[in-house]
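What follows is one structure encoded as structure tokens, with my remarks underneath.
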Amino acid sequence: TLAGGLKATFLASYIHTAIIFVCLITFVFVVYAGSDKLGDAGTVYDKLAQIVSYPAPTPAEIEQGYHCGPVDQNKGGSHLTMISGQGLMFGVINIIGNFGTVFMDQS
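The sequence shown begins at 1 in the working numbering and counts up one residue at a time.
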């Protein structure tokens, strides 16, 4: 029936959302509270702020997986800034893409 199908749809949506939230909370707890190297959000912030003082990697180091150092096009090379050329480009592309999603949606 219509009511039973609608009830099942909402029930499944809530269950799937609850599963996603449990997974997210678990991952956050494992990273921030369960790690000996990180410990808490303040330590993560301090370590990200410290990375800027490292020298920029050479191409050989990048191939080996070393990606520390300042970030090009970010204010002050920081990993923690909201002033970023790449971030601005991502925002513009995201807004334009979302206009297409909203105005071309058939449902």
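Backbone N, C-alpha and C define an ideal beta-carbon position, used for all residues, glycine too.
From a predicted model like this one, the values you see are computed outputs, not experimental measurements.
DSSP-derived helix/strand/coil call for residue i
{"i": "serine 84", "result": "strand"}
{"i": "glycine 97", "result": "helix"}
{"i": "glutamine 64", "result": "coil"}
Chain B contact for residue i (CB, 8 Å cutoff)
{"i": "threonine 17", "result": "In summary, chain B is missing from the structure at hand, where a single protein chain is found."}
Proximity to residue i [Cα-Cα], best of the options
{"i": "histidine 79", "options": "Thr43, Gly34 and Val52", "result": "Val52"}
{"i": "alanine 49", "options": "Gly34, Gly77, Glu61 and Gly39", "result": "Gly77"}
{"i": "tyrosine 66", "options": "Gln73, Ala41 and Pro57", "result": "Pro57"}
In DSSP terms, what residue i is bridged to
{"i": "asparagine 74", "result": "Ser84"}
CB of residue i within 8 Å of CB of residue j, strictly
{"i": "valine 111", "j": "leucine 38", "result": "With the chain represented from 1 up to 107, any question about residue 111 goes unanswered, as that position is not in the structure."}
{"i": "glycine 121", "j": "proline 55", "result": "Residue 121 lies beyond the range of the chain shown here (1 to 107); nothing can be said about it."}
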